[in-house]
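See structure below.
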Amino acid sequence: MKTVFEILRADGTCETHETDLPAEPGFEALKALIEPHLEGGRMEHVSVLVQKCHCDMFVDEIGLLKDLPRNEAATEVYRANALAWNPEVDPEALPYIAGPAVLFHRRVWF
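Those letters in the sequence shown? Residues -10 to 99, per the numbering used here, in order.
This is the structure:
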C-alpha cells in the first residue's frame, strides 16, 4: 500500500516521502523506516489528527530529556487532537514535541 509520510524537523524543514507498506505493518518494518530519521532516537508512537483524520506520528521517546530543540510543526500536529476536544485549553499548557518527528498520513500503528 502506498504510504505518504513526512519528516518534520525542529529547524522547520519538512521532507515528504512515499513508500510501500502493508496495510498493517509490523513493529520491525516501522522501526527500520522511522528510527533513521530520529537522529539516533528510539521511536515513541503518538496518535494525532491531521485534517480530522486519525494518523500516526513517531517521535524520539526521550527527546525532552535529551533537551532536543522544540519542533513547532510536530507540536502543532500533536496538540490538535487535545485542542479539538478542549478548545478552551491554553496550548502552551500542553506538552510539546522535541526533536524530529515522522508523521504518517494514515494509521500504521496497530
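By construction, the Cβ of each residue, glycine as well, lies at the ideal position given by its N, Cα and C atoms.
Sub-8 Å separation of Leu92 and Met46 beta-carbons: yes
Presumed contact (8 Å Cβ cut-off) between Pro84 and Leu72, rounded CB distance: Not a contact, Cβ separation roughly 13 Å.
Three CB pairs or more closer than 8 Å across the region -7 to 2 and the region 52 to 60: yes
Segment limits, alpha helix (DSSP H) that includes Leu22: 16 to 23
Beta-carbon proximity of Val97 to Leu27, cut-off 8 Å: no
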